[in-house]
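Visitor:
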Amino acid sequence: MVRVTLWIVVLVAAVVGGLRYADALATMGVSRVSVEADLTESELGQVRHAVAAELARPGVRGVADVSRAVERLGWVREVRVRREWPDNLRIAIVRGTLAASWGGEGFLTTAGDVVRLPPDDGQPPDDLPVLKASLSDGFQAMDVYNLLSGSARDAGLRIARLEEDRAGSWTVELGDGTEVVLGTTALRSRFERFLAVYRSVLRDTVAQVERIDARYRAGVSVRWNSNVQLAAVHAAPENNPSRASVTVGHGLAPGGNAR
Numbered sequence: 024m025v026r027v028t029l030w031i032v033v034l035v036a037a038v039v040g041g042l043r044y045a046d047a048l049a050t051m052g053v054s055r056v057s058v059e060a061d062l063t064e065s066e067l068g069q070v071r072h073a074v075a076a077e078l079a080r081p082g083v084r085g086v087a088d089v090s091r092a093v094e095r096l097g098w099v100r101e102v103r104v105r106r107e108w109p110d111n112l113r114i115a116i117v118r119g120t121l122a123a124s125w126g127g128e129g130f131l132t133t134a135g136d137v138v139r140l141p142p143d144d145g146q147p148p149d150d151l152p153v154l155k156a157s158l159s160d161g162f163q164a165m166d167v168y169n170l171l172s173g174s175a176r177d178a179g180l181r182i183a184r185l186e187e188d189r190a191g192s193w194t195v196e197l198g199d200g201t202e203v204v205l206g207t208t209a210l211r212s213r214f215e216r217f218l219a220v221y222r223s224v225l226r227d228t229v230a231q232v233e234r235i236d237a238r239y240r241a242g243v244s245v246r247w248n249s250n251v252q253l254a255a256v257h258a259a260p261e262n263n264p265s266r267a268s269v270t271v272g273h274g275l276a277p278g279g280n281a282r
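Numbered continuously in my numbering, the sequence shown closes out at residue 282.
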């Protein structure tokens with residue numbers, strides 16, 4: 024994307040709004056509109072259409088109307104509209120930064136806004152994490168991701184997928200495909216418990232791990248790829264993570280409140 028200035032001139036207004044667009048500009052006392060933004064061509068086209076359509080509506084239109092029309096595009100994080108002497112209307116737009124793919128329905132910005140990008144030559148980053156939630160909205164899902172992602176990065180791990188099922192239980196999938204089940208409550212403390220076990224016990228064998236259940240009160244269970252057995256991994260006290268240990272067993276279920 025490049026920084027561009029798009030001039031919408033009264034002489035070409037008939038393409039998107041006819042004389043009503045020109046009349047609206049005249050009513051506002053301006054003859055041209057400039058849009059400054061770092062956007063793709065398709066996004067600029069959306070802005071142009073939104074502004075033109077708003078100014079073509081019956082009645083007197085003002086800067087607040089133009090601002091709201093641009094905000095309704097959904098992917099705009101910030102918009103500033105101001106009059107410039109003698110006859111210019113200037114629109115400055117900041118696009119929301121894409122932070123995650125949102126369940127195949129679009130993308131999430133860093134603020135949790137749902138964005139549905141227009142098809143164009145510009146492609147979003149292909150390493151975005153995938154967030155999917157059955158009960159939570161985009162804002163809540165991003166809150167959970169932000170709650171966990173920093174700790175994951177500190178441990179040299181990357182969250183590739185974060186999913187909430189219909190029961191409200193969250194599961195993290197790491198970049199290597201390992202799944203960590205966190206449940207519905209105490210998500211951060213459970214994830215930190217997994218990380219303590221990972222650092223002290225699993226770092227060198229994580230490639231053999233298929234799934235980790237962190238819904239235990241004092242440890243996690245591990246499903247290994249090799250023989251699909253379950254191991255109870257006892258987390259050490261927070262002040263002494265080196266004391267974590269692994270106990271192999273079969274048919275284990277989370278103790279206490281499993282959710």
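Where a beta carbon is used, it is the ideal one built from N, C-alpha and C, also for glycine.
Remember, it's a predicted structure, so these values are computed and weren't measured experimentally.
Would you call the stretch 120-127 in contact with the stretch 101-112, where contact means no fewer than 3 C-beta pairs closer than 8 Å?
Guide: No, the stretch 120-127 is not in contact with the stretch 101-112.
Visitor: Which residues in the same chain as alanine 73 place their Cβ atom closer than 8 Å to its Cβ, once the five residues preceding and following it in sequence are excluded?
Guide: Taking the sequence shown and counting its residues from 1, one reaches residue 73 at position 50. Excluding positions up to five away in sequence, the list reads Ala92, Val93, Arg95 and Leu96.
Visitor: Just mark aspartate 199 as buried or exposed, buried being the case when its beta carbon has 16 or more other beta carbons within 10 Å.
Guide: Reading the sequence shown from its first residue, position 176 is the one you call residue 199. Answer is exposed; the Cβ neighbour count stays below 16.
Visitor: When the distance is taken between beta carbons, is valine 232 closer than 8 Å to asparagine 248?
Guide: Here residue 248 is taken as the residue at index 225 of the sequence shown, counted from 1. Here residue 232 is taken as the residue at index 209 of the sequence shown, counted from 1. For asparagine 248 and valine 232, yes; Cβs fall inside 8 Å.
Visitor: Pull up the distance between the alpha-carbon of arginine 213 and that of aspartate 227, whole angstroms please.
Guide: Taking the sequence shown and counting its residues from 1, the one referred to as residue 213 is at position 190. Taking the sequence shown and counting its residues from 1, the one referred to as residue 227 is at position 204. Looking at the two C-alpha atoms, the distance is approximately 21 Å.
Visitor: Would you list, in sequence order, the uninterrupted alpha helix (DSSP H) runs of no fewer than 4 residues that lie entirely inside the stretch 61-99?
Guide: 64-78 and 86-94
Visitor: Starting from arginine 211, trace the alpha helix (DSSP H) both ways and give me its first and last residue.
Guide: As a working note, residue 211 is residue 188 in the sequence shown. Element bounds for arginine 211: 210-220.
Visitor: Along the chain, where does the alpha helix (DSSP H) that runs through alanine 175 open and close?
Guide: The residue you call residue 175 lines up with position 152 of the sequence shown. Under the DSSP assignment, alanine 175 falls in the alpha helix (DSSP H) whose first and last residues are 161-177.
Visitor: Leucine 225 by DSSP, collapsed to three states: which one?
Guide: Residue 225 sits at position 202 when you count from the first residue of the sequence shown. DSSP places leucine 225 within a helical segment (H, G or I) once states are collapsed to three.
Visitor: Could you please give the first and the last residue of the uninterrupted beta strand (DSSP E) stretch that includes alanine 183?
Guide: Translated into positions along the sequence shown, residue 183 becomes position 160. Element bounds for alanine 183: 182-187.
Visitor: In or out: arginine 211 buried (at least 16 other Cβ within 10 Å) or exposed?
Guide: Here residue 211 refers to the residue found at position 188 when the sequence shown is read from its first residue. With fewer than 16 Cβ atoms within 10 Å of its Cβ, arginine 211 is classed as exposed.
Visitor: Buried or exposed: where does alanine 175 fall if 16 or more other Cβ atoms within 10 Å of its Cβ makes it buried?
Guide: As a working mapping, residue 175 is identified with position 152 in the sequence shown. So alanine 175 counts as buried.
Visitor: Name, in chain order, the residues that DSSP records as bridge partners for alanine 123.
Guide: Numbered from its first residue, the sequence shown carries residue 123 at position 100. In DSSP, alanine 123 forms a bridge with Leu131.
Visitor: My output table needs one value for arginine 139: the three-state DSSP class, helix, strand or coil.
Guide: Translated into the one-based positions of the sequence shown, residue 139 becomes position 116. Residue state, collapsed to three classes: coil.
Visitor: Which of helix, strand or coil does DSSP assign to alanine 230?
Guide: Here residue 230 is taken as the residue at index 207 of the sequence shown, counted from 1. Helix at alanine 230.
Visitor: For the beta strand (DSSP E) containing tryptophan 193, name the first residue and the last one.
Guide: On the sequence shown, residue 193 is found 170 positions in, with the first residue counted as 1. Taken as a continuous stretch (DSSP letters only), the beta strand (DSSP E) holding tryptophan 193 covers 193-197.
Visitor: Excluding sequence positions up to five away, which residues of its chain have a Cβ less than 6 Å from the Cβ of arginine 234?
Guide: Stepping through the sequence shown from its first residue, residue 234 is reached at position 211. Correct list, in chain order: Glu202 and Arg246.
Visitor: Strictly by DSSP, which residues pair up with serine 157?
Guide: The residue labelled residue 157 in the question sits at position 134 within the sequence shown. DSSP lists no bridge partner for serine 157.
Visitor: Can you grab the Cα-Cα spacing for the pair glycine 82 / aspartate 88, in whole Å?
Guide: Stepping through the sequence shown from its first residue, residue 82 is reached at position 59. Stepping through the sequence shown from its first residue, residue 88 is reached at position 65. Rounded to whole angstroms, glycine 82 to aspartate 88 spans 11 Å at the Cα level.
Visitor: Could you give the DSSP three-state label for alanine 115: helix, strand or coil?
Guide: Here residue 115 corresponds to residue number 92 of the sequence shown, with the count starting at 1. Residue state, collapsed to three classes: strand.
Visitor: Go ahead and label glutamine 163 buried or exposed: buried means 16 or more other beta carbons lie within 10 angstroms of its beta carbon, across all protein chains shown.
Guide: In the sequence shown, residue 163 corresponds to position 140, counting from 1. Counting Cβ neighbours within 10 Å, glutamine 163 comes out exposed, since fewer than 16 surround it.
Visitor: Suppose the cutoff is 7 Å on Cβ atoms and the five residues either side in sequence are ignored; what does the same chain contact list for leucine 218 look like?
Guide: Along the sequence shown, read from residue 1 onward, the residue named residue 218 stands at position 195. Cβ neighbours of leucine 218 beyond the five flanking positions: Ser174 and Ala178.
Visitor: Helix or strand or just coil, what does DSSP make of leucine 205?
Guide: As a first step, residue 205 is located in the sequence shown; it is residue number 182 there, counting from the start. Leucine 205 falls in the strand class under three-state DSSP.
Visitor: State buried or exposed for aspartate 61, treating a residue as buried only when at least 16 other CB atoms are found within 10 Å of its CB.
Guide: Residue numbering aside, residue 61 sits at position 38 when the sequence shown is read from its first letter. The residue is exposed, with fewer than 16 neighbouring Cβ atoms inside 10 Å.
Visitor: On the criterion of 16 or more Cβ atoms from any shown chain inside 10 Å, does alanine 12 qualify as buried, or is it exposed?
Guide: Absent from the structure is residue 12, since the part of the chain shown begins at 24 and ends at 282.
Visitor: With burial defined as no fewer than 16 other Cβ atoms inside 10 Å of the residue's Cβ, what is the status of threonine 194: buried or exposed?
Guide: As a working note, residue 194 is residue 171 in the sequence shown. Counting Cβ neighbours within 10 Å, threonine 194 comes out buried, since at least 16 surround it.
Visitor: Applying the criterion that 16 or more other CB atoms from any shown protein chain within 10 Å of the CB defines a buried residue, is glutamate 208 buried or exposed?
Guide: The residue labelled residue 208 in the question sits at position 185 within the sequence shown. The question names glutamate, but residue 208 in the sequence shown is threonine. Answer is exposed; the Cβ neighbour count stays below 16.
Visitor: Is the CB-CB distance between leucine 151 and leucine 170 below 8 Å?
Guide: Against the sequence shown, residue 151 aligns to sequence position 128. Against the sequence shown, residue 170 aligns to sequence position 147. Going by C-beta atoms, leucine 151 is not nearer than 8 Å to leucine 170.
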